[in-house]
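So the sequence shown is numbered by my numbering: it starts at 1113 and just counts up by one.
Okay, structure first, notes after.
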Amino acid sequence: MSQTGRIYLQVTDLIKDLSIHKELLKLALANTVNVPKTCRTFCKKCGKHQPYKVTQYKKGKDALYAQGRRCYDRKRSVYGGQTKPIFWKKAKTTKKIVLRLECVEPNCRSKRMLAIKRCKHFELGGDKKRKGQVIQF
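Quick look at the structure:
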């Protein structure tokens, strides 16, 4: 096989790989949950619809001196190894997304949580999809 023939085969393989990557990227974009940074919804404290600021809920640090933690540490401090079973058989591949809504009214600032479905890709305040728009790579 000539040199140009080999180069041609390499280029066609690269193009196939690139098209596969494009398809994967399209699928990833299609399966992305995009939530706006603000929304209007009813506020119980204000008694009317208000704009809310939306953020993603994150778990805080565990308290060192919570009752369960104190008992567990006491149990672990004496002879022996691990005193409670460690869970190994993880089944889920995603976590449920929890949104934290905060009223933007200066006198109110009431907060509430809103759980949405499981998703692999979550985006907060991303670009909106438009009909007939070409995806830029």
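Ideal Cβ placement from N, Cα and C applies to all residues, glycine included.
Distance between beta carbons of residue j and residue i, contact taken as under 8 Å
i	j	result
Thr-1206	Lys-1232	6 Å
Thr-1153	Arg-1212	That belief does not hold up - the Cβ atoms of Thr-1153 and Arg-1212 are roughly 13 Å apart, past 8 Å.
Asp-1174	Arg-1181	7 Å
Tyr-1191	Met-1225	Not quite, the Cβ-Cβ distance comes to about 43 Å (not below 8 Å), so this is no contact.
Proximity winner among the options, relative to residue i (alpha-carbon distances)
i	options	result
Gly-1159	Tyr-1184, Phe-1199, Ser-1222, Arg-1186	Ser-1222
His-1149	Pro-1197, Phe-1199, Val-1246, Val-1216	It is worth fixing the name first, because residue 1149 is Lys in this sequence and not His. The shortest C-alpha separation from Lys-1149 is found at Val-1216.
Gly-1193	Tyr-1184, Val-1147, Lys-1243	Tyr-1184
Lys-1204	Ile-1198, Arg-1230, Gln-1179, Pro-1197	Arg-1230
Local Cβ density within 10 Å of residue i, reported as buried at 16 or more and exposed below that
i	result
Ile-1155	Strictly speaking, residue 1155 in this sequence is Cys, with Ile absent from that position. It is buried - the Cβ of Cys-1155 has at least 16 other Cβ atoms within 10 Å.
Beta-carbon contacts of residue i that lie in its chain and below 6 Å, excluding the five residues immediately before and after
i	result
Ala-1227	Lys-1208, Val-1210
Lys-1157	Cys-1220, Ser-1222
Phe-1234	Val-1145, Ile-1209
Gln-1162	Cys-1155, Cys-1215, Glu-1217
Thr-1195	Lys-1187, Arg-1188
Gly-1238	Asn-1146
Other residues of its chain near residue i: CB distance less than 7 Å, five sequence neighbours each side excluded
i	result
Cys-1151	Tyr-1164, Val-1166
Contacting residues, own chain, Cβ-Cβ under 8 Å from residue i (five flanking each side not counted)
i	result
Lys-1240	Asn-1146
Asn-1143	Cys-1231, Lys-1232, His-1233
(request) List in chain order: all unbroken alpha helix (DSSP H) runs of 4+ residues lying wholly within the stretch 1149-1204. (result) 1179-1189
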